[in-house]
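Right under this line is the structure:
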């Protein structure tokens with residue numbers, strides 16, 4: 055005969071089943087998870103009652119509420135396989151992991167864009183410097199020849215030289 059009466063065991067089983075339903079419905083207590091530890095504390099039974107025991111001769115015997123722990127694990131696995139996560143914290147952790155992965159991807163893309171823009175800037179500055187040097191070289195050459203005249207600079211509101219306007 056066990057240490058608790060059949061009435062107490064039946065009340066404890068009812069309490070465990072009620073706590074199991076609350077947890078699997080997604081209503082854990084503050085700071086609790088959807089696990090055996092929280093189930094035991096919500097039901098008011100010792101957590102060790104969910105695990106197998108050993109007799110004095112070393113043989114194993116089931117814990118008093120081991121069948122309820124197996125039922126809880128089975129129902130929890132079924133919910134997870136169906137795509138439902140009854141633990142809001144676990145669901146939040148999964149969402150945050152996915153968001154973190156997406157943000158890392160975006161950051162890598164932005165880093166690549168930034169590097170491409172830095173390369174483009176460097177090439178553009180090099181081209182501008184090369185064009186400036188070429189213009190100076192052409193000006194020096196034109197000045198050395200002596201038969202090239204500068205055109206008058208355009209004034210606001212006046213048409214270019216020789217446009218007929």
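Residue numbers (this note's numbering): 55 to 219. All residues carry an ideal CB built from backbone N, CA and C; glycine is no exception.
Exercise for review: Can you tell me which of the three DSSP states residue 101 falls into?
Suggested key: helix
Point to revise | CA-to-CA distance, residue 104 to residue 116, given in whole angstroms | key: 8 Å
Review point. Using the rule of at least 16 other Cβ atoms within 10 Å of the residue's Cβ for burial, across every protein chain shown, is residue 153 buried or exposed?
Key: exposed
Review point. Is it true that the CB of residue 124 sits closer than 8 Å to the CB of residue 106?
Key: no
Check your understanding: In this structure, what does DSSP give as the bridge partners for residue 128?
Key -> DSSP, once it has assigned bridges, lists no residue as partnering residue 128.
Check your understanding: Apart from the five residues just before and just after residue 86, which ones in its own chain have a Cβ nearer than 6 Å to its Cβ?
Key -> 92
Check your understanding: From residue 207 to residue 196, what distance separates their C-alpha atoms?
Key -> 17 Å
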